[in-house]
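Visitor: I have a structure I would like to understand better, so I am pasting it below and will then ask my questions one at a time.
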Amino acid sequence: MKYIKPAPGRKSASRKEEWFDIVDERGNVINKAPRSQVHGNPNLIHQTVHLHVFNSKNQLFLQKRVANKDLYPGRWDTAVGGHVDSGETVDAALKRESMEELGIELHQAKPLFRYIMRNQWESEMIHAFEIIHDGPFNLDPKEIETGRFWSGFELQKMMGQGIFTPNFEQEFTMLKKMGRF
Numbered sequence: 041m042k043y044i045k046p047a048p049g050r051k052s053a054s055r056k057e058e059w060f061d062i063v064d065e066r067g068n069v070i071n072k073a074p075r076s077q078v079h080g081n082p083n084l085i086h087q088t089v090h091l092h093v094f095n096s097k098n099q100l101f102l103q104k105r106v107a108n109k110d111l112y113p114g115r116w117d118t119a120v121g122g123h124v125d126s127g128e129t130v131d132a133a134l135k136r137e138s139m140e141e142l143g144i145e146l147h148q149a150k151p152l153f154r155y156i157m158r159n160q161w162e163s164e165m166i167h168a169f170e171i172i173h174d175g176p177f178n179l180d181p182k183e184i185e186t187g188r189f190w191s192g193f194e195l196q197k198m199m200g201q202g203i204f205t206p207n208f209e210q211e212f213t214m215l216k217k218m219g220r221f
């Protein structure tokens, strides 16, 4: 198993408070709100993008979230995950997040599924995509502690052990149902 560490000296993008479009259950924009209001109010659905990065051996790349994340610090998660900013398209957010988190320029990703994830803190409309990419990666050290490729067997064996985010465990089940593993 080969771990990939963030590149030394890699700078992260810094931003003031983010604003997100609020959408209905069909994905229609109905309002907008700052991150501080959206996180903490599960009645406000906001959009996120997830990118599942498979390599040519059908292994899935996961990122390990840094310890200072507000949700699920230190857990393994989807290779790319991020919010769609207010006024931004899903495709633009996917490209931006892929560059920010993995340092890869995304040209074309295959849509997989869209679903709404709800918990006591928030509600997200998640747009999930996939690509085939063997690397290299240039990981953002403010977002990602490390990353590596996992086989379907390894992932299945570790499900429910508390090392993955709940979102990833849900999406792994969806990927399996699609025959991806």
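For the sequence shown, the numbering used here gives the first residue as 41, with consecutive numbering after it. We put the CB at the ideal spot given by N, CA and C, even for glycine.
Helix or strand or just coil, what does DSSP make of residue 191?
Guide: Numbered from its first residue, the sequence shown carries residue 191 at position 151. In the structure shown, residue 191 sits in coil (DSSP, three-state: anything other than H, G, I, E or B).
Visitor: Looking at the secondary structure, which residues open and close the alpha helix (DSSP H) in which residue 131 lies?
Guide: As a first step, residue 131 must be located in the sequence shown, where it is residue number 91. Start and end: 130-142.
Visitor: Of the residues 201, 71, 121, which one's Cα is nearest the Cα of residue 109?
Guide: Position 69 of the sequence shown, counted from the first residue, corresponds to residue 109. When each option's Cα is compared against that of residue 109, the closest is 121.
Visitor: Leaving aside the five residues before and after residue 74 along the sequence, list all residues of the same chain whose C-beta is less than 6 Å from its C-beta, in chain order.
Guide: Reading the sequence shown from its first residue, position 34 is the one you call residue 74. If we look at residue 74 and ignore the five residues flanking it on each side, its Cβ neighbours are 57, 59.
Visitor: Just to confirm the assignment, what range does the alpha helix (DSSP H) spanning residue 213 have?
Guide: Looking up residue 213 in the sequence shown gives position 173. Residues 206-217.
Visitor: In three-state terms, what does DSSP make of residue 154?
Guide: Numbered from its first residue, the sequence shown carries residue 154 at position 114. In the structure shown, residue 154 sits in a strand (DSSP, three-state: E or B).
Visitor: Quick check on this structure: which residue in 84, 148, 171, 106 has the alpha carbon closest to the alpha carbon of residue 67?
Guide: Locating residue 67 in the sequence shown gives position 27, where the first residue counts as 1. Of 84, 148, 171, 106, the residue nearest in Cα terms is 84.
Visitor: Thinking C-beta only, is residue 146 closer than 9 Å to residue 171?
Guide: Along the sequence shown, one-based indexing puts residue 171 at 131. Along the sequence shown, one-based indexing puts residue 146 at 106. The answer is yes: Cβ separation under 9 Å.
Visitor: For residue 78, which of helix, strand or coil comes out of DSSP?
Guide: The residue labelled residue 78 in the question sits at position 38 within the sequence shown. The answer is helix: DSSP assigns residue 78 an H, G or I state.
Visitor: For residue 71, collect the residues of the same chain with a Cβ closer than 7 Å to its Cβ; drop the 5 residues on either side in sequence, then sort them by chain order.
Guide: Within the sequence shown, residue 71 is the residue found at index 31, counting from 1. Closer than 7 Å at Cβ, skipping near neighbours: 62.
Visitor: Taking 8 Å as the threshold, find out whether the region 80-99 comes into contact with the region 196-204 through three or more Cβ pairs.
Guide: They do not touch, by the three-pair rule.
Visitor: Please name the residue or residues paired with residue 163 in a DSSP beta bridge.
Guide: Numbered from its first residue, the sequence shown carries residue 163 at position 123. Beta-bridge pairing links residue 163 to 85, 158.
Visitor: Restricting to Cα atoms, I'd like to know which of 164, 94, 92, 87 is closest to residue 133.
Guide: Along the sequence shown, one-based indexing puts residue 133 at 93. Residue 133 has its Cα closest to that of 87, out of 164, 94, 92, 87.
Visitor: Tell me which residues share the same chain as residue 39 and place their Cβ nearer than 8 Å to its Cβ, disregarding the 5 neighbours each side in the sequence.
Guide: Absent from the model: residue 39. The displayed extent of the chain is 41 to 221, so no value can be given.
Visitor: Report buried or exposed for residue 118, applying the criterion of at least 16 other Cβ atoms within 10 angstroms of its Cβ.
Guide: Here the question's residue 118 lines up with position 78 in the sequence shown. Result: buried.
Visitor: Mapping the DSSP letters down to three states, classify residue 51 as helix, strand or coil.
Guide: On the sequence shown, position 11 is the one that residue 51 refers to. For residue 51, the predicted model reports a pLDDT of 46, less than 50, meaning its position is unreliable and no value from the coordinates is stated.
Visitor: Return the first residue and the last residue of the beta strand (DSSP E) that residue 104 is part of.
Guide: Your numbering for residue 104 matches position 64 in the sequence shown. Per DSSP, residue 104 belongs to the beta strand (DSSP E) from 100-105.
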